[in-house]
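Residue numbers (the numbering used here), protein chains in the order written: chain D, 28 to 375; chain G, 28 to 375.
Report on one structure; see the data block that follows.
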């Protein structure tokens, strides 16, 4: 099969138009490709909350653009009012908080007359950084894989979740191009099915051999087929290197450990939250149970059913083989190595 | 909450009418209660194959009735012709093979003139046995639980899967009545969603507090809530006490081990297959991938997506705390203890 270069056919899922942000409605994928237009920070907050866009790095990028939209009238008070609105949109992905902190700094560091211009430039820079981080992580990550690896991934840590080629999927794509990835098994990732709807779509577009599995098939696959790596993204990494990611990740990490399979986390440094000491201190978003008891509006449980909908879980760092950041590889994953890699000055 | 006695409101999901078998169409549950009528062994085979009825013990009961239907004209050759048809309906549940072996023995052990009568009586006896086994396992199993247990279960090993109150769910129900079960978390059990559609329905009917989770939430729940037991059924138990059950069971067993939580399997002796030495020798049914890439007809994956649909997996006996049969509790689960319990003559 022809292997497309890393940057061919990029998915244009977030497009800055100066006075508005166009975002691909990921809820409708893979069958419908439709864009939503955000003209205000409130629009961006709503799109984030409603999961029109998702993925920790992309949530950060969108929030940066949301702040730029709030600055359009060159009034600092508009920006200050928009910030908490955006911050409350999702609780777990720390990239959102990082992006808002950075944009607030920019807002406050110059005159109001240039506010709009400065904020637009800062949002663009934040986006370009994430794009560059993706490429760097893909290269660093692919180097960890052995030739002909069969890989399991979870949720969507792909192009759709970032500005560039993705975190986990970026590493997989770079690995495929280098002949290191032979086959990918995306877990469908209930309840929101990001693996089935988004990751598989990206892999098929990239021409990477992929076979969908339900989340509960991973253990059987690890036992009966050759699985060489589990590769996932992250929504927040604590100072002790515990990894918060989409619900189901923690279980996958235990299964990988049981079968002696390396477990890799790929995330930019903007996903690391040194102010959170321990993974168990990370707030776990609980979303509507409607997303569990119904699938695309079809009821799958009895009327009046109770359900849990934990959006995320936390994988203790002891289960993580390595964390791949744009600044370097944290391995073994622990607080000392994490801090060491983050404070390294990189000259790419 | 009022605790209903064990045998109140039994679910009448398989009804023998002498010249036909009525079976509840479990594919339509929980929203629609509709019966299908089987007038021939071929009808029973089709209903089994198409999962109108499912659950290893119930598949055995239905096959016994199917053989009785084939005997209606008192011709042994009809019975001999029906047997392979029924045997091929599903490959994994060994109760099917046991029921057919027993019915073949009955068919051959008397004159053709009494064939229909003998076969109907044997099918009824097989059904009554399963019902009695359920009650016995529920009592034996509940005794293993500590007071106020929170329990995770998988798939549907309930009344709908058996003639009686179920295997895993029977133990849970007896435990609830005895104050030993406080709360139940059924895993939804993709792709067929038996946990969401069937087990939760049974638990709600019985008034047992239950909260639905997606399969990938089990690990998070084990880490963050008090979970005291995982209780599942089985489709086939090998001579070495390895347990074949619905896909996802093996993963749950690993997660339970990791968290130090007891893992119980509840299954009648008709589920044990001493002719299969090792769990890995059990044929694992691969069903249509349509059931993975679509949910109730709604596509969840891109067009042309590849997928796996393993129906079952095998849990090595080392991960099993105890196997509860109607003849006694096998603990620790291994070949010696299994054979010992099976050959015990029980006087209930």
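The C-beta atom is built at its ideal place from N, Cα and C for all residues, glycine as well.
Verify whether the separation of the beta carbon atoms of residue i and residue j is less than 9 Å.
i, j, result
"residue 97 of chain D", "residue 108 of chain D", "yes"
"residue 273 of chain D", "residue 335 of chain D", "no"
"residue 56 of chain G", "residue 71 of chain G", "no"
"residue 126 of chain D", "residue 87 of chain D", "yes"
"residue 280 of chain G", "residue 172 of chain G", "no"
"residue 351 of chain G", "residue 262 of chain G", "no"
"residue 131 of chain G", "residue 106 of chain G", "yes"
"residue 202 of chain G", "residue 157 of chain G", "no"
"residue 340 of chain G", "residue 278 of chain G", "yes"
"residue 232 of chain G", "residue 206 of chain G", "no"
"residue 322 of chain D", "residue 256 of chain D", "no"
"residue 43 of chain G", "residue 150 of chain G", "yes"
"residue 229 of chain D", "residue 259 of chain D", "no"
"residue 82 of chain G", "residue 185 of chain G", "yes"
"residue 63 of chain G", "residue 94 of chain G", "no"
"residue 161 of chain D", "residue 268 of chain D", "no"
Candidates the options: which alpha carbon is nearest residue i's?
i, options, result
"residue 448 of chain D", "D:252, D:249, D:200", "With chain D represented from 28 up to 375, any question about residue 448 of chain D goes unanswered, as that position is not in the structure."
"residue 217 of chain D", "D:193, D:361, D:85, D:320", "D:320"
"residue 252 of chain G", "G:73, G:283, G:264, G:278", "G:283"
"residue 75 of chain D", "D:53, D:103, D:164, D:290", "D:53"
"residue 378 of chain D", "D:324, D:337, D:325", "The structure shown does not extend to residue 378 of chain D, since chain D is modelled only from 28 through 375, so no value can be given for it."
"residue 242 of chain D", "G:219, G:238, G:224, G:290", "G:219"
"residue 45 of chain G", "G:133, G:144, G:355", "G:144"
"residue 176 of chain D", "D:99, D:271, D:235", "D:235"
"residue 245 of chain D", "D:94, D:276, D:269, D:300", "D:276"
"residue 250 of chain D", "G:307, G:133, G:187, G:66", "G:307"
"residue 113 of chain D", "D:303, D:354, D:69", "D:69"
"residue 59 of chain G", "G:224, G:134, G:254, G:265", "G:224"
"residue 240 of chain D", "D:266, D:265, D:229, D:211", "D:211"
"residue 165 of chain D", "D:354, D:370, D:359", "D:354"
"residue 78 of chain G", "G:170, G:161, G:214, G:318", "G:318"
"residue 148 of chain G", "G:61, G:129, G:365", "G:129"
"residue 366 of chain D", "D:325, D:289, D:266", "D:266"
"residue 65 of chain D", "D:40, D:84, D:291", "D:40"
Can you look up residue i in the DSSP assignment and give me helix, strand or coil?
i, result
"residue 160 of chain D", "helix"
"residue 234 of chain G", "coil"
"residue 375 of chain D", "For residue 375 of chain D, the pLDDT reaches just 48, beneath the cut-off of 50, and the residue's location in the model is therefore unreliable, leaving the point undetermined."
"residue 321 of chain D", "strand"
"residue 356 of chain G", "strand"
"residue 63 of chain D", "strand"
"residue 128 of chain G", "helix"
"residue 170 of chain G", "coil"
"residue 177 of chain D", "strand"
"residue 51 of chain D", "strand"
"residue 334 of chain D", "strand"
"residue 361 of chain G", "coil"
"residue 349 of chain G", "strand"
"residue 141 of chain G", "helix"
"residue 367 of chain G", "helix"
For residue i, would you say it is in contact with chain C, using Cβ-to-Cβ distances shorter than 9 Å as the test?
i, result
"residue 215 of chain D", "Checking the listed chains, one finds no chain C in this structure; the protein chains it contains are D and G."
When you measure from the CB of residue i to every non-hydrogen atom of the ligand MN, does any distance come out below 8 Å?
i, result
"residue 71 of chain G", "Among the components of this structure there are no ligands whatsoever, and the ligand MN is therefore not found."
* Inspect the CB distances between the segment 325-333 of chain D and the segment 292-303 of chain D and report whether three or more fall short of 8 Å. => Contact fails: fewer than three Cβ-Cβ distances are below 8 Å.
* Return the chain-ordered ranges of every beta strand (DSSP E) run that is complete within the segment 249-313 of chain G and spans a minimum of 3 residues. => 256-259, 263-265, 270-273, 290-293
* Ranges of the beta strand (DSSP E) found wholly within the segment 69-124 of chain G, counting only runs of at least 3 -> none
* Curious, which full-length beta strand (DSSP E) runs of at least 3 residues does the segment 180-242 of chain G contain? -> 208-213
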